[in-house]
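Take a look at the structure below.
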Amino acid sequence: MILVLLGPPGAGKGTYASRLSQLLNLPHISTGDLVRDEIKAGSGLGMKVKEYSDKGLLVPDEVITEILKRRISNPDCNGGFILDGFPRTVRQAELLEDVAHVTAVINIDVPDEVIVERLSNRLICRNCGAIYNAKYLKPKRDMICDKCGGPLYRRSDDDPEVIRRRLEVYRNETAPLIYYYEERGLLKNFRSKDPRAPPELVVEEILKLIKEPPER
Ligand code: AMP
479 MILVLLGPPG AGKGTYASRL SQLLNLPHIS TGDLVRDEIK AGSGLGMKVK EYSDKGLLVP
539 DEVITEILKR RISNPDCNGG FILDGFPRTV RQAELLEDVA HVTAVINIDV PDEVIVERLS
599 NRLICRNCGA IYNAKYLKPK RDMICDKCGG PLYRRSDDDP EVIRRRLEVY RNETAPLIYY
659 YEERGLLKNF RSKDPRAPPE LVVEEILKLI KEPPER
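The sequence shown begins at 479 in the numbering used here and counts up by one.
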């Protein structure tokens, strides 16, 4: 099964993908994490992608698709995978079709004001990637991960101005994918009635959507 989680930055894609990954026993592939790993490694490619990611802009389609292809050629992806943050443009969706057949696309719809509030308070564990919120999902100890004891940090692109740019990029470049996948009968819309609903309840709803027969 190849699942795509579609939605603006801050929609909760990372949180839901990591839970779905455990429940479905499929690797969770976040292209944002792959980009950050590349930057951390200090490779030539890392320096190139950093210029885009620091500004909240998309890495060129061909470059990000190569990074993704390298990851999904790993044997752990043979039984399928969950994509978080890819594709982000129609061109990327087309390039993905050359190498993988998407089973379903979950479109997570969240109002802008919730996104800005979520991202500007987001805390991430440097060690295990667990996600917290400085207002609504606080760790038990200040800036320390409940799960692994690792240090928490704020992403540099979770700054209000960069968040606004990322939302604009989403609307212009990524939102057209909603129609792209709708036309192919792969889209499942998920709109949380309560944006602060616990992730386990949201994931239950997403699992129900995945099991529904495709709309044709
Ligand atoms: P994310 O963690 O998904 O918000 O991604 C962080 C940054 O990595 C983005 O702002 C982009 O610069 C880059 N990035 C991640 N995924 C993609 C993608 N599919 N296409 C282009 N750039 C991406």
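C-beta: ideal position from N, C-alpha, C; glycine also.
Keep in mind it's a predicted model, so treat the numbers as computed, not measured.
Cβ-based neighbour list, residue i, same chain, cut-off 6 Å, excluding 5 preceding and 5 following
i       : result
Gly-510 : Gly-563
Ile-517 : Gly-524, Lys-528
Neighbourhood of residue i by C-beta distance below 8 Å, restricted to the same chain and skipping five residues each side
i       : result
Ser-668 : The sequence as given places Phe at residue 668; Ser does not occur at that position. The answer, listed in chain order, is Ile-584, Asn-585, Ile-586, Asp-587, Val-680, Glu-683, Ile-684, Leu-687.
Ile-550 : Ile-507, Phe-559, Val-577, Ala-578
Asn-611 : Arg-596, Asn-599, Arg-600, Leu-601
Arg-674 : Tyr-614
Leu-630 : Leu-601, Ile-602, Cys-603, Arg-604, Tyr-610, Pro-617, Met-621, Ile-622, Cys-623
Pair within 8 Å by beta-carbon distance, residue i and residue j
i       : j       : result
Leu-536 : Glu-639 : no
Ala-495 : His-506 : yes
Ala-582 : Leu-502 : no
Gly-520 : Ile-609 : no
Val-580 : Tyr-658 : no
Leu-512 : Leu-498 : no
Gly-534 : Arg-632 : no
Gly-558 : Leu-615 : no
Member of the options whose CA lies at the smallest distance from the CA of residue i
i       : options                            : result
Ile-601 : Ala-571, Val-580, Ser-634          : Correcting the residue identity first, residue 601 is Leu in this sequence and not Ile. Ranking the options by Cα distance to Leu-601, first place goes to Ser-634.
Arg-566 : Met-621, Leu-504, Ala-653, Pro-691 : Ala-653
Ile-542 : Cys-555, Gly-557, Pro-553, Leu-561 : Leu-561
Asp-515 : Ser-670, Leu-630, Arg-649, Arg-604 : Arg-604
Asn-556 : Ala-578, Leu-573, Asn-611, Val-592 : Ala-578
Pro-486 : Asp-590, Arg-674, Pro-691, Asn-552 : Asp-590
Glu-646 : Arg-662, Arg-674, Glu-690, Ile-593 : Ile-593
Arg-662 : Pro-553, Glu-575, Gly-522          : Glu-575
Glu-544 : Glu-678, Asp-554, Leu-573, Lys-618 : Leu-573
Pro-691 : Gly-522, Lys-666, Arg-548, Asp-554 : Lys-666
Cβ neighbours of residue i in the same chain (closer than 7 Å, five flanking residues each side left out)
i       : result
Leu-655 : Leu-484, Pro-565, Val-568, Ala-571
Ile-606 : Just to set this straight, residue 606 is Cys in the shown sequence, not Ile. Cys-623, Lys-625, Cys-626, Gly-628.
Ser-598 : Asp-636, Pro-638, Ile-641
Tyr-530 : Leu-536, Val-537
Asp-620 : none
Residues sharing a beta bridge with residue i, DSSP
i       : result
Cys-603 : Leu-630
Asp-554 : The partner list for Asp-554 (beta bridge, DSSP) is empty, contrary to what the question assumes.
Leu-561 : Val-482, Ile-507
Any non-hydrogen atom of the ligand NAP closer than 7 Å to residue i Cβ
i       : result
Gly-490 : In the structure shown, the ligand NAP is absent; the only ligands present are the ligand AMP.
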